[in-house]
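With my numbering applied, the sequence shown covers 57 to 517. The structure under discussion appears below in the form of structure tokens.
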Amino acid sequence: SAGAEVQKPLATVVIGGLVTATFLTLFVLPLLYIIFNSKINLKRKPKVKPIATIIVLLLSLTGFTANAQTQHLSSVDDAINIALQNNQAIKASDLEIDASKALKKTAGELPKLDINAQLGQYNSTKFDQSFQVSQTIPFPSLFGAKKELINAEIKGKELQKNLSVLELKNQVRTYYYQILYLQHNQKQLQELDSLYNNFIGIAKLRYKTGDTKKVDISTAEAKKGEINLLLKQNEVFLNNAVANLKTLMNTKEDFTISGNGNFQPLQISNLLDNDAVANHPAIQSLYQEAVIAEKAKKVERAQGLPDFTIGYVNQSLIGFQNVNGAEKFFNGGNRFNSVNIGIAIPITYSATKARIKSLDYRKQAAEANAQQQQRTLATQMQNALLQYQQDMKQFNYFQQEALPNAKEIVSAAQLGYKTGDIGYVEYLFALQTATDIQLNYLKSIQQVNQSVINIYSFINQ
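Next up, the structure:
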């Protein structure tokens, strides 16, 4: 499959690295040392020059690491496709569908054929033999009702799979964009760490010249320590998100995510239909439960109708029989045949009526749940749209106003602190303000992305 082609075992990476390191340590490095530092006579004319031999050996090592490539995800769709191919929950849903489809052949099932034998003196003192074969046939409408019920159950399983697919997509998108956010957040924290390093360096120079106090350096180092803590926390969150995405994709292979160097919020490109929630798999699945209950009612009604029985009897009647006014002897080899036709009519219909009534209540319950769920999802989607609009306003503020100001604040503060125009407190406050703006800008993008992901989950995207 396509998912299998893009995955390569992680063990190849580890083993390849170990083999390469071992080979370099035990063979290549000693060989290089011997060639360039020893006095071994190399004037003989070997078939292959030593340097060429080493080059060939080094090049051959690439074979050990050729498979040590990490998986590259160029978009969230790549991650979704791999998850849909590999995730065991989706495979389980497919098996559930196959299990329901396998029941199609049971729609035309007949009761077991009844075969009987009667041996003994049932006609006279002679030993006679009678063989009977009979078959009960349900009312014909039962076969069609069973087929409709099985088809309805298959559709129900398919809708449940659609719901599982939607939930999987939602989870993959969540972790994918969370990883992107944490990667950019890490980069931003590293840049801020460099700013504080520069600040500490300048503070130390000014301390040597007597322009600042030791406490200023200690405070700056404490602020840098806070950035380091944020970096470590970010690393934990990033590792957790990567592990969760690997689990969803059912792979142990490392992967990289392409952010195209520009972290921007997701956009809702298409116009949202107010009735889009009605097509949500959760709603459709509940309505399908009502359909299944209705089809089950038809099966119960058909099972309550009369059954037909047809049979065939072949027997011996040893003795004299009157044939056309004359007595004629019949032995065991002379056979007498007959056909039985019967009908089975239910004497009481109350049990069937009770089952039908129960299924009718079940149908009404499923429809009520579907209607309530539809109203709930519609409200949640409207709330998600309002949240998206609010998140976009916040993002636009940071992008258009706060972020440009943050860059100016940092530049002006650095210059002013170097020249002595501003003091330690003003410079530290400027750095803290710029730090908050830059980190909150990235967080605003992540909030927009999460709002869009939530909206997608409501409209079955």
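Idealized CB from N, CA, C, for every residue including glycine. These numbers were taken from a predicted model, which means no experiment stands behind them.
Quick check: the Cα distance between residue i and residue j, rounded to an integer number of angstroms?
i: S149; j: Q216; result: 8 Å
i: I235; j: Q443; result: 22 Å
i: N172; j: F187; result: 6 Å
i: A349; j: Q427; result: 16 Å
i: I273; j: N516; result: 55 Å
i: Q494; j: A462; result: 7 Å
i: Y343; j: I324; result: 28 Å
i: F364; j: D170; result: 13 Å
i: L140; j: F319; result: 26 Å
i: R418; j: K354; result: 14 Å
i: N510; j: V333; result: 12 Å
i: L251; j: F485; result: 13 Å
i: L294; j: L238; result: 6 Å
i: A410; j: S156; result: 26 Å
i: Y473; j: T268; result: 11 Å
i: E291; j: N335; result: 39 Å
i: P460; j: N425; result: 51 Å
i: A158; j: E209; result: 12 Å
i: T181; j: L166; result: 39 Å
i: S414; j: N226; result: 37 Å
i: T230; j: Q420; result: 36 Å
i: K161; j: I138; result: 34 Å
i: T408; j: A163; result: 20 Å
Can you give me the Cβ contacts of residue i inside the same chain, cut-off strictly under 8 Å, excluding the 5 residues immediately before and after it?
i: A338; result: L219, Q429, L433
i: V466; result: L251, A486, L487, A490
i: S116; result: Any reading at S116 must be qualified, since the residue scores a pLDDT of 46, below 50, and its modelled position is unreliable; the value itself is stated next. The answer is none, since no qualifying residue turns up.
Just to confirm my understanding: we take residue i, look at its own chain, exclude 5 residues before and 5 after, and list those with CB closer than 6 Å. What are they?
i: A276; result: F255, I256, A259
i: Q450; result: S500
i: Y233; result: N505
i: A135; result: L129, V228, Y232
i: D447; result: Q503, V504, S507
i: L80; result: Unreliable placement is indicated for L80, whose pLDDT of 45 sits below 50; the coordinate value is still reported in the next sentence. So the list is empty, once near-sequence residues are dropped.
i: Q242; result: N290
i: S197; result: A358
i: I478; result: G472
What does DSSP give as the partner residue(s) for residue i in the beta ladder?
i: E383; result: N378
i: S537; result: Because the chain spans 57 through 517 in this model, residue 537 falls outside it and cannot be assessed.
i: S190; result: D170, G367
i: I399; result: F364
i: I313; result: L129
i: Q144; result: For Q144, which the question treats as bridged, DSSP gives no partner whatsoever.
i: G176; result: D184
By Cβ distance, which residues of its chain are closer than 7 Å to residue i, with the 5 residues on each side in sequence left out?
i: N306; result: N142, N143, Q144
i: V112; result: Interpretation of V112 is limited by its pLDDT of 44, a score under 50 that renders its predicted location unreliable; the figure taken from the coordinates is listed afterwards. Nothing listed; no residue qualifies.
i: R431; result: none
i: K211; result: Q344
i: G389; result: none
i: F195; result: A358, L361, P362, D363
i: L222; result: P337, S513, N516
Which term fits residue i, buried or exposed, when burial requires 16 or more other beta carbons within 10 angstroms of its beta carbon?
i: H128; result: exposed
i: D38; result: No answer is possible for residue 38: it lies beyond the span of the chain, which begins at 57 and ends at 517.
i: G119; result: Reliability of the predicted coordinates at G119 is poor, the pLDDT of 43 falling under 50, and no value is obtained from them.
i: Q177; result: exposed
i: I399; result: exposed
i: I401; result: exposed
i: L301; result: buried
i: S341; result: buried
i: F311; result: buried
i: V481; result: exposed
i: L114; result: Per-residue confidence for L114 stands at a pLDDT of 48, beneath the threshold of 50, marking its modelled position as unreliable; no derived number is given.
i: P321; result: buried
i: V379; result: exposed
i: N439; result: exposed
i: A299; result: exposed
i: Y497; result: buried
i: K457; result: Checking the sequence, you will find Glu at residue 457 rather than Lys. Classification of E457: exposed, given that the 10 Å Cβ count is below 16.
i: A352; result: buried
i: K264; result: exposed
i: K213; result: buried
i: P102; result: Unreliable positioning characterises P102 in this predicted model, as indicated by a pLDDT of 45, which lies under 50. A coordinate reading is not provided.
Thinking residue i and residue j are a contact (beta carbons under 8 Å), I'd like their distance in whole angstroms, please.
i: F392; j: E383; result: In fact, because the Cβ distance is near 16 Å, the residues do not count as touching under 8 Å.
i: Q359; j: Q185; result: Going by Cβ atoms, the distance from Q359 to Q185 rounds to 36 Å, so no, they are not a contact pair.
i: Y368; j: V347; result: Y368 to V347, Cβ: 42 Å. No contact.
i: L245; j: L287; result: 5 Å
i: N387; j: I397; result: With a Cβ gap of about 29 Å, N387 and I397 do not count as contacting.
i: L261; j: I283; result: That belief does not hold up - the Cβ atoms of L261 and I283 are roughly 21 Å apart, past 8 Å.
i: I366; j: Q191; result: 6 Å
i: A469; j: Y483; result: 5 Å
i: L285; j: L224; result: Contact doesn't hold; Cβ gap of about 34 Å is too wide.
Would you say residue i faces chain C, with C-beta separation under 9 Å as the test?
i: L224; result: Reference to chain C is not applicable here, since this structure consists of a single protein chain.
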